[in-house]
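For the record, in the sequence shown the residue sitting at position 87 is 86 according to numbering that gives the first Met the number 0, with numbers rising by one throughout. Positions of the beta carbon are idealized from the N, C-alpha and C atoms, including for glycine. Working notes, beginning with the structure itself.
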Amino acid sequence: MSVFRMYVRVVSGTLTPEDITERLGVRPDEAHAVGSRRRPEHPPRAFTSWIRHAEAPVPEARPEDLEPVVLGWGPGFATALGELAGNGAEVSLVIVQRIEDIESTAAKGIFLGPRLIEWLSSAHASLDIDQYIHHDCP
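Written as structure tokens, this is what we have:
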């Protein structure tokens, strides 16, 4: 499993996954509607989430390996995301970092290039970094 994952997430309290898909012109890899439940015992979701994953080109992908995947989605997709954000949806690029070997150089540092920062600006997207450290301290 790769140390890093990256995806774009759209969150809305008013739009359905189908509305978001129609406006973006791209199908999600994962979507959940307002009122749906993760499990029957969980409360209903208060918002819609729409997710598109950046598929890792190599097994141990780092953010700089995933960046071309996101940029490959094109400026039109970024602009469409920005229009959703301008109409009340929350758009974010999520980077999930999972560290199991704290000595690994592959797990250290997160670099985002200027082209990706520009793409995020067009998408009116925030950056959300989730870090999970799985290490037993002596």
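Range covered by the alpha helix (DSSP H) that runs through residue i
i: arginine 22; result: 16-23
i: alanine 79; result: 74-85
i: isoleucine 109; result: Premise fails: isoleucine 109 is in no alpha helix (DSSP H) and is neither H nor E.
Strand pairing of residue i, partner residues [DSSP]
i: histidine 52; result: Tyr6
i: isoleucine 101; result: Per DSSP, none; premise fails for isoleucine 101.
i: histidine 31; result: Ser48
i: valine 93; result: Tyr6, Asp127
i: serine 11; result: Thr47
Other residues of its chain near residue i: CB distance less than 6 angstroms, five sequence neighbours each side excluded
i: arginine 61; result: Phe3
i: leucine 80; result: Val90, Ala122
i: glutamate 63; result: Phe110
Bounding residues of the beta strand (DSSP E) (the contiguous stretch that carries residue i)
i: alanine 60; result: It is not in any beta strand (DSSP E) - alanine 60 carries neither H nor E in the DSSP assignment.
Residue i, buried or exposed, once every other Cβ within 10 Å from all chains shown has been counted against 16
i: threonine 13; result: exposed
i: isoleucine 19; result: buried
i: valine 9; result: buried
i: serine 140; result: The structure shown has nothing for residue 140, since the chain only spans 0 to 137.
Cβ shell of residue i (< 7 angstroms), same chain only, five flanking positions each side left out
i: glutamate 29; result: Ile50
i: proline 27; result: Pro16, Thr20, Trp49, Ile50, Arg51
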